[in-house]
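Contents: one structure, followed by commentary.
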Amino acid sequence: DHSITIEESADTTFVNITSSGLDGLLIGRRGETLASIQHVVNRIFTSRTGRHSKITVDVGGYVRRKHRLLVEKAQRLAYRVRETHKEYDFEPLKASERRIIHLALAEFDDVTTYTIGDGLLRKVVISPKTSATDDLPRD
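So the mapping is simple: my numbering equals the position in the sequence shown, first residue as 1, plus 654.
Here is the structure:
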């Protein structure tokens, strides 16, 4: 038994899949199968419509849970950076995860985020805000 629901927001369309006992199979190890499904869905949409779209496929709330935990971690670390005045480097992250961190900390007045690294090794740095950090790349 399964169900699929679709939710539209300003910048993405969420396709939520609820299944009985297949969540682990659809998500895969560390979300790799789910990321592949999402990639294929986006490619199909783009090829059929000619328009680029941001479609997020979620199974059993996995993506939303991961998003929430990433935001909470980013905020905790931003407070630490604020207190210690020392930068913090995240582990290498996917572009969508880096974007979540940049957006989650955009409202912080005294810290900033920027991206370093190349390819699969790109990661977000949380830094105390100074005039020198204002022009660093966000992604």
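Beta carbons are placed, not taken as given, at the ideal position from N, Cα and C, and that holds for glycine.
Remember, it's a predicted structure, so these values are computed and weren't measured experimentally.
Exercise for review: Go to lysine 777, then tell me how far its beta strand (DSSP E) extends in each direction, as first and last residue.
Suggested key: In the DSSP assignment, lysine 777 falls within the beta strand (DSSP E) that extends over 777 to 782.
Exercise for review: Going by DSSP, name the residue or residues bridged to threonine 766.
Suggested key: Paired residue(s): Ser781.
Check your understanding: To the nearest angstrom, how far is it from the Cα of alanine 758 to the Cα of valine 779?
Key -> If I take the Cα positions, the gap works out to 13 Å.
Check your understanding: So what's serine 674 in DSSP terms, helix, strand or just coil?
Key -> DSSP places serine 674 in coil when its eight states are reduced to three.
Check your understanding: So, do the stretch 703 to 719 and the stretch 665 to 685 have three or more beta carbon pairs nearer to each other than 8 Å?
Key -> Contact between the stretch 703 to 719 and the stretch 665 to 685 is present, with at least three C-beta pairs closer than 8 Å.
Practice item. Tell me, to the nearest whole angstrom, how far the beta carbon of asparagine 670 is from that of threonine 659; I am working on the premise that it is less than 8 Å. Key: Separation of the CB atoms of asparagine 670 and threonine 659 is rounded to 5 Å, and the pair is thereby assigned contact status at 8 Å.
Exercise for review: Just list the alpha helix (DSSP H) runs in the stretch 717 to 775, keeping only unbroken ones of 4 residues or longer that don't cross its boundaries, in chain order.
Suggested key: Every unbroken stretch of the alpha helix (DSSP H) spanning 4 or more residues and falling wholly within the stretch 717 to 775 is given here in chain order: 749 to 758.
Practice item. Tell me, to the nearest whole angstrom, how far the beta carbon of glutamate 745 is from that of lysine 777; I am working on the premise that it is less than 8 Å. Key: Their Cβ separation, rounded to whole angstroms, is 6 Å, which keeps glutamate 745 and lysine 777 in contact under 8 Å.
Review point. From this set, Leu747, Ala749, Asp743, which residue's C-alpha is nearest serine 781's C-alpha?
Key: Per the Cα distances, Asp743.
Check your understanding: When the Cα atoms are used, what is the spatial distance from valine 695 to glutamate 661?
Key -> In a straight line, the C-alpha of valine 695 is about 15 Å away from that of glutamate 661.
**Study point:** Backbone secondary structure at serine 657 - three-state DSSP
**Key:** Here serine 657 sits in strand by DSSP.
Practice item. Report yes if the CB atom of threonine 766 is closer than 8 Å to the CB atom of lysine 708, and no otherwise. Key: The answer is no: Cβ separation not under 8 Å.
Exercise for review: Go ahead and pull the three-state DSSP assignment for threonine 666.
Suggested key: Of the three classes helix, strand and coil, the one that applies to threonine 666 here is coil, per DSSP.
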